[in-house]
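Line order of the protein sequences matches chains A and B. Anchor point for the first sequence: position 42 equals 42 in my numbering, and the numbering is continuous, going up by one each time. My numbering runs 1000 ahead of the 1-based position in the second sequence.
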Amino acid sequence: MREVTYSYAINETLHQLMQKDERVVLIGQGVTSPWYVGTTTVGLISRFGEERVIDPPVSENCTTGVAIGLAFTGMRPIYVFPRMDFMYYAMDQIANHAANWYFMFGGQLNVPMTIWAIINRGGEQAAQHSQAIHAIFAHIPGLKVVAPSNGYDAKGLLVSCVNDGNPVIFVDDRWLYNLKCNVPEELYSIPIGKGIFRKRGDDVTIIASSYMVHEAILAAEECEERGINVDVIDLRSIKPIDFDLISQSVKRTKRIVIVDGGWKTCGLSAEIAAKIAESELIKNLKAPLIRVTLPDVPAPASSSLEQIYYPRKEKIVSTVQKIMEV
Amino acid sequence: MDIKRLPQEFIINLYETMLKIRVFEEKVADLILKKEIICPCHLYIGQEAVATGVCAALRKDDYIFSTHRSHGHYLAKGGDMKKLMAELFCRETGTSKGRGGSMHIASIDMGIMGSSAIVGGSIPLAVGAALGFKIQKKDSVAVAFFGEGAVCEGVFYESLNFAALKKLPVIFVCEKNHYSTHMPISKILADPSIYKKALSFAMDGALVDGNDVLKVYEKTKIAVDSARSGEGPYLLECLTYRWRGHVGPNYDLDKGLRSSEELEYWMKKCPIKSLEKIMVMNSILSEKEMEFIKLKVENEVEEAIKFAKESPKPPQTEDELMLYVFK
């Protein structure tokens, strides 16, 4: 099978989805730009035209509402935020409107809409261009949240998002864009709500999603060299979350490290920890679970601070070692 | 407008629709006072000519997007009265199966695409629907109803800009009812003239007497014809007045929010009485025939109340609660 970059996989999927289904429309800041969203939208404007590839004025709240209105006419909009930070502007349309519409009118009108949310951290971009706020959306009833960790998943999950009848947040991390993996050329889908094992081992379970899966795998490999065998779970979907998969693993390992690229307080890691605490799993744990997340601090600009702000492989390895000592 | 150009039946329909809204809303006010309706209702009394005149210029396949003050829009666009009343009683048979209440009603078959209780929140939805029509080369139009309070929201300006930029078939209908919750216009808008804001976005706009149903119809028809033929959006400012308080049945006179002189002035400009005068003058309907229509409407409302009261509430089960979260 051919090997392609993550960003190529997204670009190819968009081309194929728009080619296959006339209802698919791409809207959002930068979709006609050669650099704003990496190379993920290259060639779309010349192929599908301004009517289906819409680079709107920076009116995020209005144009997110526009995408919802498009869905009401039978279209399948994909709305892109080139930085997750900009989503706060559109919070009203996402949380009050897209998420509630199906429920609020007794199931009369659903919102088949993909919200493609790009995390673009690092590079001294500071607090308003680096945020990973997937947990905020996972909190809201009526929204689904997926977070691929590689090009294969990005393609399959993006297809599922567009075919889903609900608003789905597709969380995309720019740190994945240059990573390569095997990706089939034809369209396929990956079910929303199902996770996958990336590594198997009996000593510790690491639960991760999105880019942090890579750091987790690297950490697991290093742990293996030191004689600690790790299960690495890639959640793929943040909501609904595949708790069966977590249970399956934790029943064996009885030790848990949760790794998340978001903040700690009330974040994804807190939700997973709470679910474990509510289940039978907690009775048999050999050690209290440990979370590896961002500190509860806005993203700093200076690279010296960034290096201690973003958790990497080393932090995960030392955490695994720590939990094995208990 | 020259009333003789319009078919008599059309004018009688306008009258009946306004009356329907009025009688419905007055009954709802009673039911709130009797504590039979609990969910918050924002009554439309006094503004009937706006919804009626606007919707008379629309087709079934045109979309409307409404607000927290939604009953008038729904009835004027042809929504089923029984289902509306049942929704106010939060029953399983309501438009939204008791999940939405007064502020969230819809009837997709009639092009009533829902109502938002977030001020200005449904404006961009109408713009998006208009974009969908344009992409699919349909000649439908979308209407966004909102009050002057929404003109203070950023999304209003964003929506005007986007609609004008893309020349979309959307009509922005501002129902200027003189209040934004408890705040008079003078305390919320630096420039109270709303239709002129269209100029800043190179789009058409007009001011109309929102208590004159024929004038509202006439202006909307111009706006709709223009939008349908690809001329882009239109901003219609309808000058009207909300008789009751922001929410609920009270007149708010005792709370010092407005004077009784002001209310009386506007009650004299009642949109329904005004049309009655015109119809008598032009021999369209006699007093007796109007009485007959009133009786018919009152019966319809009574039947709707009976239907609502006899309808079950949503079943109290976990499964039922979890319905409609995801499709």
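Note that CB positions come from ideal geometry on N, CA and C, so glycine has one too.
Any C-beta of chain B under 8 Å from that of residue i
{"i": "Cys266 (chain A)", "result": "no"}
{"i": "Asn166 (chain A)", "result": "yes"}
{"i": "Met1 (chain A)", "result": "no"}
{"i": "Phe243 (chain A)", "result": "no"}
{"i": "Gly49 (chain A)", "result": "no"}
{"i": "Glu40 (chain A)", "result": "At residue 40 (chain A) the sequence reads Thr, which differs from the Glu that was named. Thr40 (chain A) does not count as touching chain B."}
{"i": "Pro82 (chain A)", "result": "no"}
{"i": "His134 (chain A)", "result": "no"}
{"i": "Thr114 (chain A)", "result": "no"}
{"i": "Asn120 (chain A)", "result": "no"}
{"i": "Gly28 (chain A)", "result": "no"}
{"i": "His139 (chain A)", "result": "no"}
{"i": "His97 (chain A)", "result": "yes"}
Cross-chain neighbours of residue i in chain A, by beta carbon under 8 Å
{"i": "Tyr1324 (chain B)", "result": "Tyr102, Phe103, Gly106, Gly107"}
{"i": "Ser1096 (chain B)", "result": "Met104, Phe105, Gly106, Gln108"}
Selected residue, minimal CA-CA separation from residue i, among the options
{"i": "Arg76 (chain A)", "options": "A:Asn120, A:Gln19, A:Ala126", "result": "A:Gln19"}
{"i": "Thr153 (chain A)", "options": "A:Gly122, A:Pro191, A:Pro112, A:Glu22", "result": "The amino acid at residue 153 (chain A) is misidentified as Thr; the sequence shows Asp. The shortest Cα separation from Asp153 (chain A) among A:Gly122, A:Pro191, A:Pro112, A:Glu22 belongs to A:Pro191."}
{"i": "Asn96 (chain A)", "options": "B:Tyr1195, B:Lys1083, B:Ser1115", "result": "B:Ser1115"}
{"i": "Ala1144 (chain B)", "options": "B:Val1208, B:Val1173, B:Phe1307", "result": "B:Val1173"}
{"i": "Tyr1234 (chain B)", "options": "B:Tyr1044, B:Ser1200, B:Thr1240, B:Trp1243", "result": "B:Ser1200"}
{"i": "Gly227 (chain A)", "options": "A:Gly122, A:His214, A:Val317", "result": "A:Val317"}
{"i": "Asp1062 (chain B)", "options": "B:Ser1260, B:Val1141, B:Asp1191, B:Gly1245", "result": "B:Val1141"}
{"i": "Arg52 (chain A)", "options": "A:Val58, A:Ile27, A:Ser33", "result": "A:Ile27"}
{"i": "Arg1005 (chain B)", "options": "B:Tyr1241, B:Leu1275, B:Leu1214", "result": "B:Leu1214"}
{"i": "Val250 (chain A)", "options": "A:Ile276, A:Ser269, A:Ala270", "result": "A:Ile276"}
{"i": "Val204 (chain A)", "options": "A:Thr63, A:Leu285, A:Val25", "result": "A:Leu285"}
{"i": "Ser1102 (chain B)", "options": "B:Ile1108, B:Lys1294, B:Leu1088, B:Lys1288", "result": "B:Leu1088"}
{"i": "Val80 (chain A)", "options": "A:Asp172, A:Lys254, A:Leu294, A:Gln307", "result": "A:Asp172"}
{"i": "Gln16 (chain A)", "options": "A:Glu185, A:Ile68, A:Pro82", "result": "A:Glu185"}
Other residues of its chain near residue i: CB distance less than 7 Å, five sequence neighbours each side excluded
{"i": "Gly193 (chain A)", "result": "Ser237, Pro240, Asp242"}
{"i": "Ile196 (chain A)", "result": "Asp234, Arg236"}
{"i": "Asn61 (chain A)", "result": "Tyr89, Ala90, Asp92, Gln93"}
{"i": "Ser303 (chain A)", "result": "Glu124"}
{"i": "Ile1272 (chain B)", "result": "Met1018, Leu1019, Arg1022, Glu1048"}
Proximal residues of chain B, C-beta to C-beta of residue i below 7 Å
{"i": "Ile68 (chain A)", "result": "Leu1125, Gly1128"}
{"i": "Gln93 (chain A)", "result": "Pro1124"}
{"i": "Thr73 (chain A)", "result": "Ala1129, Gly1132, Phe1133, Gln1136"}
Under 8 Å by beta carbon: chain B residues contacting residue i
{"i": "Ala57 (chain A)", "result": "According to the sequence provided, residue 57 (chain A) is Pro. The question's Ala does not apply to it. The contacting residues are Glu1158, Asn1161, Phe1162, Leu1165."}
{"i": "Val25 (chain A)", "result": "Ile1135"}
{"i": "Thr63 (chain A)", "result": "Pro1124, Glu1158, Phe1162"}
{"i": "Gly142 (chain A)", "result": "Val1325, Phe1326"}
Proximity test, Cβ basis, 8 Å: residue i and chain E
{"i": "Asn229 (chain A)", "result": "This model lacks chain E altogether; the protein chains it does include are A and B."}
Within chain A, the residues that residue i reaches when beta carbons sit closer than 9 Å
{"i": "Lys1313 (chain B)", "result": "Here the premise fails: no neighbours, minimum Cβ distance about 13 Å."}
{"i": "Val1208 (chain B)", "result": "Chain A residues near Val1208 (chain B): none, gap ~25 Å exceeds 9 Å."}
Sequence-distant residues of the same chain with beta carbon closer than 8 Å to residue i, five excluded per side
{"i": "Ser1286 (chain B)", "result": "Val1280"}
Own chain residues within Cβ distance below 6 Å of residue i, not counting five before or after
{"i": "Val1301 (chain B)", "result": "Val1023, Phe1024, Lys1027"}
{"i": "Pro1040 (chain B)", "result": "Val1247"}
{"i": "Ala1130 (chain B)", "result": "Ala1142, Leu1168, Pro1169, Val1170"}
Short CB-CB distance (under 8 Å) between residue i and chain A
{"i": "His1068 (chain B)", "result": "no"}
{"i": "His1042 (chain B)", "result": "no"}
{"i": "Ala1106 (chain B)", "result": "yes"}
{"i": "Ser1102 (chain B)", "result": "no"}
{"i": "Arg1099 (chain B)", "result": "yes"}
{"i": "Ser1283 (chain B)", "result": "no"}
{"i": "Ser1259 (chain B)", "result": "no"}
{"i": "Ile1118 (chain B)", "result": "yes"}
{"i": "Met1290 (chain B)", "result": "no"}
{"i": "Gly1111 (chain B)", "result": "no"}
{"i": "Gly1114 (chain B)", "result": "yes"}
{"i": "Val1023 (chain B)", "result": "no"}
{"i": "Gly1245 (chain B)", "result": "no"}
{"i": "Gly1154 (chain B)", "result": "yes"}
Contact test: residue i Cβ vs the ligand PLP heavy atom, cutoff 7 Å
{"i": "Arg1258 (chain B)", "result": "For the structure depicted, the ligand PLP is absent and the ligand set is empty, with no information on it obtainable."}
Proximal chain A residues relative to residue i, where beta-carbon distance stays under 7 Å
{"i": "Gly1121 (chain B)", "result": "Asp92, Asn96, His97"}
query: Taking one C-beta from the region 1155 to 1171 of chain B and one from the region 1127 to 1138 of chain B each time, how about it: are there three or more such pairs within less than 8 Å?
result: yes
message: Pairs of beta-carbons, one from the region 207 to 227 of chain A and one from the region 45 to 60 of chain A, closer than 8 Å: are there three or more?
response: Touching, no, given that fewer than three Cβ pairs across the two stretches are closer than 8 Å.
- prompt: Should the region 106 to 116 of chain A be regarded as contacting the region 199 to 206 of chain A, the criterion being three or more beta carbon pairs within less than 8 Å?
  reply: no
query: Are at least three pairs of beta-carbons, each pair with one atom in the region 1185 to 1194 of chain B and one in the region 1251 to 1266 of chain B, less than 8 Å apart?
result: no
query: Counting pairs of Cβ atoms below 8 Å between the region 112 to 120 of chain A and the region 1106 to 1120 of chain B, do you hit three or more?
result: Using a C-beta cut-off of 8 Å, the region 112 to 120 of chain A makes no contact with the region 1106 to 1120 of chain B, since fewer than three inter-stretch Cβ pairs fall below that distance.
- request: Check whether the region 154 to 166 of chain A touches the region 281 to 290 of chain A, counting contact only when three or more Cβ pairs, one atom from each stretch, lie closer than 8 Å.
  value: The region 154 to 166 of chain A makes no contact with the region 281 to 290 of chain A; the number of CB pairs closer than 8 Å stays below 3.
task: For the region 127 to 137 of chain A and the region 294 to 308 of chain A, state whether three or more C-beta atom pairs, one from each stretch, are separated by less than 8 Å.
output: Counting Cβ pairs under 8 Å, three or more are found: they touch.
task: Kindly confirm or deny that the region 1011 to 1018 of chain B and the region 1043 to 1063 of chain B touch, where touching means at least three C-beta pairs closer than 8 Å.
output: yes
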